[in-house]
Every structure is written in structure tokens, then in C-alpha cells.
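In this text, residue positions in the sequence shown follow UniProt numbering: the first is 1, and each later residue adds one. Structure first, then comments.
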Amino acid sequence: MDAENTRDDNIEGKESRGISRKTLLKAALIAPAAPLLFGAPALARNAQGTGRLLDPTPFCDDGDDPTIAQTEGPYFKPNSPLRSTLTGPGVPLTVSGYVFGRSCQPIANALLDFWQADTNGAYDNTGYTFRGHQFSDAQGAFKLTTIVPGLYPGRTRHIHVKVQAPNRPVLTTQLYFPNEPRNNTDTIFHPSLLMNVRTVGSGREASFDFVLNIVGTPSPSPTPTTTTPPPTGTWRAGTSYRAGDQVTYANLNYRCLQAHTAYAGWEPPNVPALWQRV
């Protein structure tokens, strides 16, 4: 499902790039945290008006050919609540940004599903603490209110996310923090996934723009409607579905994984992050 956001192997290969992965890692480690300072990771929005195609956000892997489970890690859970605020003790953190296509056109109604460790480095595998999904707004913008995730053995500090434009494959990736000592030892870490992070009062603010592998102007964003029924079945655009609800579509049965309002373009076969065939 991540294939559309995989760069050409000749570009992403560790040895075939003009700048080696090791060099990039070192550059990332010395980049200052303040987003406006020289050396901070570039934001996709800054390329608007240049006419060049943006590089798509890479999926995270360990250098091998990952299965879906390896890509998302062992702690992903479907059915996360629809919410943009994840509460719990820790250093407050807001992550904001945009979802773009490669032509720097914003993508509205993109699904963003976040999950992370708590301040002690533990994941909630029985409930949904520090798990939640949201949709980008009409300008492609999103905002996550959470905490700085804790560390656990073998990994640097990171936030997991799945991003999906309407009727497109899912991008599974991770976001990282600059100036983390473990960045240079984490085999999954990728410098292009560094957020811009700055300290504000007792908390932190971060920014990151996702670039989905969609060339040209994205198709018009879906809007709720009840005038176009599916070929057959009970699924209807404009209906608010809860996790666990079941529908039929094209003579097949589906179970809702995440609460959402159905849109044209979000039919069950097209959005595996929202619907599971049963």
C-alpha cells in the first residue's frame, strides 16, 4: 500500500545517492531545532510557485523490503478515535503542517492516523491513549496536540502516522525530532522525516508537510452527498459511521474500523484504513 510513496531505488539507495546516508545523518544531527534558523529541515510549502515537483515523503523501513507489519511497527491498532488532541502527562507538543501532492497543491480530507509512545516510552495496547485520527481541512492543513513521546530500547524519539488521500494508497511513515542522540544509531531513522521543532514556554511546537505521490492537481476533494448511491448495498455517502458498524457495498460486507463521515471517494473498497472486508 505504500508503493506510491516509494522513491526510485536508484535515488533512495544508500550508496547510489550523491550524498551518502551517513552524511545526511550527520547533517541532520547538527541542524538547529529552531525552524527559522539556517539548516532546519525544509518545508514543502516553501516550494510553492517554483514549478518544480516535490519529492514524496518516504515510508519508513529498516533497509530491507518490509512487510506492512514491519513498516508500521508492532504497535499499530486500527479503530483509533476521531480526535486531534491526545492527552496525558508529559511535555506538551503541537505538530502542524499540510498535506500536499507533488505539484505543491494542498490535499483536503486526507486521513492522518497518529500513534505514539507515552512519556515513559510505552504504547497503550489495550486502549487508545496517544492514538487518534483526523482529516486535513480544505487547505490541506492538519494540527495534532499531544506530548513529546518517550524513549524505549532500540529506537530514537518518533511519532507514527498513516496518511491517505481520498481514493489513494496509504503512506505509513514516522516523524522525528532534531538533535536526538539516538538519531544516528536508529536504523529506521530517515533525515528527510525530521520535523522543525522549537521550544515555546514549557512545551514544543513542531511543523512538517507531507508530500503524497500525486502528480498534478489533485482531483476535487470529496464532499458529503446523498445523491449518488453505490452500485448496490447499504453504504451511503453523507452517513456518519461508528467503529464496528457494518455495511454492504457491491455485494460485499465491510466493517467500519474508524468513526468518520462518509464521503464520495471514500467507498469501502478504496479506504482500507476505514473499512475492513468481512
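Backbone N, C-alpha and C fix where the C-beta goes; we use that ideal spot for every residue, glycine too. Quick caveat, the model's predicted, so the values are computed rather than measured.
Hey, quick one: how far does the beta strand (DSSP E) through tryptophan 115 stretch, first residue to last? Segment 111 to 115, the beta strand (DSSP E) holding tryptophan 115.
Could you check how far apart the C-beta atoms of tyrosine 152 and glycine 121 are, in whole angstroms? I think they sit under 8 Å. Going by Cβ atoms, the distance from tyrosine 152 to glycine 121 rounds to 4 Å, so yes, they are a contact pair.
Coarse secondary structure for asparagine 184, derived from DSSP in three states: Secondary structure at asparagine 184: helix, using DSSP grouped into helix, strand and coil.
Where does alanine 141 sit, in a helix, a strand or coil, going by DSSP? Alanine 141 falls in the strand class under three-state DSSP.
Could you tell me if threonine 146 is buried or exposed, where buried requires 16 or more neighbouring beta carbons within 10 angstroms of its beta carbon? It is buried - the Cβ of threonine 146 has at least 16 other Cβ atoms within 10 Å.
On a CA-only basis, which of Val197, Pro268, Lys162 and Asn167 is nearest asparagine 179? Give me that one, please. That would be Val197, whose Cα lies nearest to the Cα of asparagine 179.
Exposure of threonine 50, with buried meaning 16 or more beta-carbon neighbours within 10 Å: By the 10 Å Cβ count, threonine 50 comes out exposed.
If distances are taken between C-alpha atoms only, which option among Gln134, Asn213, Ala262 and Trp115 comes closest to tryptophan 235? Looking at the Cα atoms, Ala262 is the closest of the given residues.
Within 10 Å of its beta-carbon, does asparagine 10 have 16 or more other beta-carbons around it, so buried, or fewer, so exposed? In this predicted model, asparagine 10 has a pLDDT of only 33, less than 50, meaning its place in the structure is not dependable; the value taken from the coordinates is given anyway. Asparagine 10 is exposed by the Cβ-count criterion.
Return the chain-ordered list of same chain residues with a C-beta closer than 6 Å to the C-beta of arginine 182, the five sequence neighbours on each side being excluded. Excluding residues within five positions, the ones whose Cβ falls inside 6 Å are Thr156.
Does serine 268 come out as helix, strand or coil in the three-state DSSP assignment? The question names serine, but residue 268 is proline in the sequence shown. When DSSP states are grouped into helix, strand and coil, proline 268 belongs to the helix group.
Where does asparagine 125 sit, in a helix, a strand or coil, going by DSSP? Correct three-state label for asparagine 125: coil.
Could you work out which residue in Ala44, Trp275, Leu53 and Pro58 is closest to residue 281 when comparing CA atoms only? With the chain running from 1 to 278 in the structure shown, residue 281 is simply not present.
Roughly how many angstroms separate the alpha carbons of arginine 45 and arginine 83, rounded to a whole number? Cα to Cα, the separation comes out at about 25 Å.
Go ahead and pull the three-state DSSP assignment for alanine 58. Residue 58 is actually proline in this sequence, not alanine. Here proline 58 sits in coil by DSSP.
Roughly how many angstroms lie between the CA atoms of asparagine 125 and lysine 77, to the nearest whole one? Asparagine 125 and lysine 77 have their C-alpha atoms roughly 8 Å apart.
Identified DSSP bridge partners for lysine 162: Paired residues: Asp113 and Thr172.
Alanine 250 and glycine 233: beta carbons closer than 8 Å? Taking the C-beta atoms as reference points, glycine 233 is found nearer than 8 Å to alanine 250.
Top-ranked residue by Cα proximity to threonine 85, from Gly244, Asp245, Gln134 and Arg277: The residue with the shortest Cα to Cα distance from threonine 85 is Gln134.
Please name the residue in Leu53, Pro166 and Pro81 whose C-alpha comes closest to that of isoleucine 107. The shortest Cα separation from isoleucine 107 among Leu53, Pro166 and Pro81 belongs to Pro166.
Under 6 Å Cβ to Cβ from alanine 138, same chain only, skipping five residues before and after it: list those, please. If we look at alanine 138 and ignore the five residues flanking it on each side, its Cβ neighbours are Ala108.
What is the rounded straight-line gap between the Cα of leucine 54 and the Cα of proline 269? The straight-line gap from Cα to Cα measures roughly 29 Å.
Using only the alpha-carbon positions, how far apart do glutamine 276 and valine 95 sit? Here the alpha carbon of glutamine 276 sits roughly 29 Å from the alpha carbon of valine 95.
Between the Cα of leucine 257 and the Cα atoms of Pro56, Asp113, Ser103 and Arg52, which residue gives the shortest distance? Per the C-alpha coordinates, the member of Pro56, Asp113, Ser103 and Arg52 positioned closest to leucine 257 is Asp113.
To the nearest angstrom, how far is it from the Cα of leucine 194 to the Cα of leucine 252? The straight-line gap separating the alpha-carbon atoms of leucine 194 and leucine 252 is approximately 41 Å.
Run of the beta strand (DSSP E) containing phenylalanine 100, from where it starts to where it stops: Boundaries of the beta strand (DSSP E) harbouring phenylalanine 100: 92 to 100, taken from the DSSP string.
Roughly how many angstroms lie between the CA atoms of valine 247 and alanine 237, to the nearest whole one? If you take the alpha carbons of valine 247 and alanine 237, they lie about 12 Å apart.
Grab the span of the beta strand (DSSP E) containing asparagine 253 for me, first residue to last. Segment 252 to 256, the beta strand (DSSP E) holding asparagine 253.
Could you tell me the boundaries of the beta strand (DSSP E) in which arginine 204 lies? Taken as a continuous stretch (DSSP letters only), the beta strand (DSSP E) holding arginine 204 covers 203 to 207.
Can you name the residues that DSSP bridges to tyrosine 152? Paired residues: none, contrary to the question.
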